[in-house]
Every structure is written in C-alpha cells, then in structure tokens.
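Residue numbering for the sequence shown follows my numbering, starting at 4 and increasing by one per position.
For every residue, glycine included, the Cβ atom is placed at its ideal position computed from N, Cα and C.
Since the model is a prediction, treat every value here as computed from it, not as a measurement.
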Amino acid sequence: MTADPVRPSGIRHLRPTRAELAAAADRTIPDVLAPGLAVLFVGINPGLWSAATGWHFARPGNRFWPALHRGGFTPRLLHPSEQDELPALGLGITNMAARASARADELSPEELLAGAAILTEKVARYRPRWVAVVGVTAYRIGFQRPKATFGPQPESLAGARLWVLPNPSGLNAHFTPVTLGLAFAELRAATELPAL
C-alpha cells in the first residue's frame with residue numbers, strides 16, 4: 004500500500020494499490036462490536052477498499068463517516084482507521100453480507116437472506132438497543148420486507164429497535180451529504196443519544 008500524505012492529525016493513511024484491491028475480493032473484515040451498544044450500524048457488505056484496509060466504509064467518497072458526524076453521533080469527523088473509537092461512543096458496525104465485492108449488486112438474494120439470519124444471531128448475542136441498516140434495498144431483500152421505507156421499522160430484531168438509513172455510497176446520488184446527515188440525525192434523536 005502507498006501512504007497518503009500526512010493528515011493534519013499527523014497520522015498517515017494507507018491507500019491500496021490496484022493489485023491489493025483486486026486481491027481483496029471475497030475477503031471479510033472484523034466487526035466493530037461490543038455488548039450493549041446504543042446503535043449497531045449494518046452496512047450491505049465490505050467494499051474492496053474496506054477489505055484491503057480492514058476499515059469499514061473506507062472507500063474515498065463513501066459518506067458514512069461524514070454523515071455519522073453531521074448526524075451528531077461523533078464529536079468530530081472520524082477517519083475509517085479510527086473505527087475502534089466507536090464502541091466508546093455506544094456505536095458499532097457490521098454488515099449484512101460478510102464477503103467483500105466491488106459493488107453491492109454483486110451479492111445474491113440468498114447471501115442477503117443468510118446475512119439477515121446471521122445478523123439476527125449477532126443482535127441476540129450483543130443486544131444493541133438499535134440496529135440501523137444502511138441501505139433500504141439490502142434490508143428489503145434480506146428481511147423479506149419489499150415495501151420497507153427509510154426510518155423506523157414496525158418490527159424489532161431480536162429485541163432491538165430497527166431503523167433503515169440511506170446507503171452512504173458516493174454512487175447514491177439521491178442523497179446529498181446534507182440530507183444524509185439529516186437522516187442520521189433523525190435516528191440519533193430517536194435513540195435519545197445526546198448530539199456530540
């Protein structure tokens with residue numbers, strides 16, 4: 004990996020090469036989990052940047068981290084390499100499907116259905132108060148809720164409240180950074196976490 008320029012924090016961040024990105028297909032990355040979290044965010048699946056770096060939502064242009072900050076969940080904009088700071092804030096990250104791919108549409112419906120079952124087991128074990136699925140299409144397929152919309156869901160998941168957020172991928176042109184931040188802020192308000 005090549006090093007990006009030094010950021011203001013003084014930390015260098017690695018940029019995967021094309022070969023490293025290609026080799027990352029089908030890899031998995033560890034969850035960021037702890038018991039009793041306030042919110043467990045659920046991505047669709049790791050992208051190749053995430054699989055190459057080991058950081059969730061790592062691809063430049065993915066708007067998850069800015070939306071998390073704009074929504075009041077973090078006191079400052081975190082870099083994906085700082086993901087291990089989330090549990091101290093009551094937050095965690097996992098995915099509907101574990102294997103990395105270049106695009107989420109490379110996943111089969113069967114993978115999303117299996118992922119929903121695995122997610123249900125994780126939620127039962129770790130008992131977060133809220134589960135926020137980041138991507139309505141993955142939620143609709145995985146949980147067989149074809150008419151689900153954004154926001155709070157009527158059902159719970161292993162005792163946790165469910166919420167569906169827009170996909171923060173830079174490819175999702177339906178949501179701007181501002182509207183994504185507002186969607187995340189709406190969830191934060193519902194969880195009754197203070198804005199940071």
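DSSP-derived helix/strand/coil call for residue i
i, result
"L196", "coil"
"W52", "helix"
"R191", "helix"
"L17", "strand"
"Q86", "helix"
Bridge-paired residues (DSSP) for residue i
i, result
"T97", "V45"
"P155", "W166"
"W133", "V42, R164"
"V35", "I96"
Beta-carbon spacing of residue i, residue j below 7 angstroms
i, j, result
"G95", "A188", "no"
"T77", "W133", "no"
"A161", "A127", "yes"
"P171", "L183", "yes"
"V35", "A135", "no"
Environment of residue i [buried if 16+ CB atoms lie within 10 Å]
i, result
"Q86", "buried"
"P155", "exposed"
"R15", "Annotation note: pLDDT 42 at R15 (below 50); position unreliable, coordinate value reported separately. Exposed, by the Cβ-count rule."
"T20", "exposed"
"L71", "buried"
Query raised in the report: Would the region 85 to 93 and the region 103 to 114 be scored as touching if the rule is three or more Cβ pairs under 8 angstroms?
Result: no
Requested in this report: Determine, using beta-carbon pairs with one atom in the region 52 to 63 and one in the region 144 to 153, whether at least three such pairs fall under 8 angstroms.
Outcome: no
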